[in-house]
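Asks: Numbering (this note's numbering), first residue to last: 377 to 530. Glycine included, C-beta positions come from ideal geometry on N, C-alpha and C. Once you've had a glance at the structure underneath, I'll fire off some questions.
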């Protein structure tokens with residue numbers, strides 16, 4: 377079970393990016409692990425859905441020169457909370473389950489993006505399905521279950 381604080385928009389470390397490739401996006405500056413792993417960026421699209429992204433760097437690759445599966449799953453774990461932001465409200469959450477199917481390798485320099493949907497949300501449990509793409513090519517499909525936990529975001 378992993379805790380992810382990638383939910384909510386008020387004073388919790390979600391900061392606006394003002395320069396570079398991801399200007400106009402936001403990132404969770406308060407999540408040290410995600411900053412080291414990514415950093416990962418997110419924004420709400422015109423249709424209201426959430427999009428998360430990062431640029432693949434050599435440090436994200438495995439010994440064969442492709443993106444490490446653990447990096448893709450870490451990104452998916454972060455993305456599920458962004459995708460479920462509206463369903464989460466002010467709640468904190470933990471990942472109860474995260475499964476993925478690797479579809480194709482991702483490479484250095486590619487733009488890695490995740491999108492998805494809340495399949496079902498009720499009470500304390502949220503089901504999410506999504507896909508990670510590298511330069512538009514599907515590389516991972518994932519399913520997850522989030523459990524809301526007591527307390528609200530700081």
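(1) Report the partner residues of residue 390 according to the DSSP bridge assignment.
(2) Could you pull out every unbroken alpha helix (DSSP H) segment of at least 4 residues lying fully inside the region 450–491, listed in chain order?
(3) So, under 8 Å CB-CB, residue 611 and residue 432 are touching, yes? Tell me the CB distance rounded to an integer number of Å.
(4) Inspect the beta-carbon positions of residue 470 and residue 522 and report whether they are closer than 9 Å.
(5) Quick one: what's residue 506 bridged to in DSSP?
(6) Go through its chain and collect everything with a Cβ distance to residue 320's Cβ below 7 Å, but skip five positions before and after it.
(7) What residue from 396, 452, 425, 390 has the CA that sits closest to residue 406's CA?
(8) The beta strand (DSSP E) with residue 419 in it runs from where to where?
(9) Relative to the alpha-carbon of residue 489, which residue among 400, 473, 510 has its alpha-carbon at the smallest distance?
(10) Can you look up residue 384 in the DSSP assignment and give me helix, strand or coil?
(11) What residue does the beta strand (DSSP E) around residue 431 start on, and which one ends it?
(12) Under the three-state reduction of DSSP, which class applies to residue 440: helix, strand or coil?
(13) Label residue 414 either buried or exposed according to how many other C-beta atoms from any shown protein chain fall within 10 Å of its C-beta, with 16 as the threshold for buried.
(14) Can you tell me the Cα-Cα spacing of residue 419 and residue 508, whole angstroms?
(15) Among the candidates 474, 401, 524, whose CA atom is the shortest distance from the CA of residue 454?
Replies: Checking against the coordinates, here is how it stands:
(1) 404
(2) DSSP runs (the alpha helix (DSSP H)) wholly in the region 450–491: 461–464.
(3) With the chain running from 377 to 530 in the structure shown, residue 611 is simply not present.
(4) yes
(5) 492, 518
(6) The structure shown does not extend to residue 320, since the chain is modelled only from 377 through 530, so no value can be given for it.
(7) 390
(8) 417–420
(9) 510
(10) With a pLDDT of 34 at residue 384, under the threshold of 50, the predicted position of this residue should be treated as unreliable, though the coordinate-derived value follows. It is coil, neither helix nor strand.
(11) 426–431
(12) Coil.
(13) buried
(14) 15 Å
(15) 474
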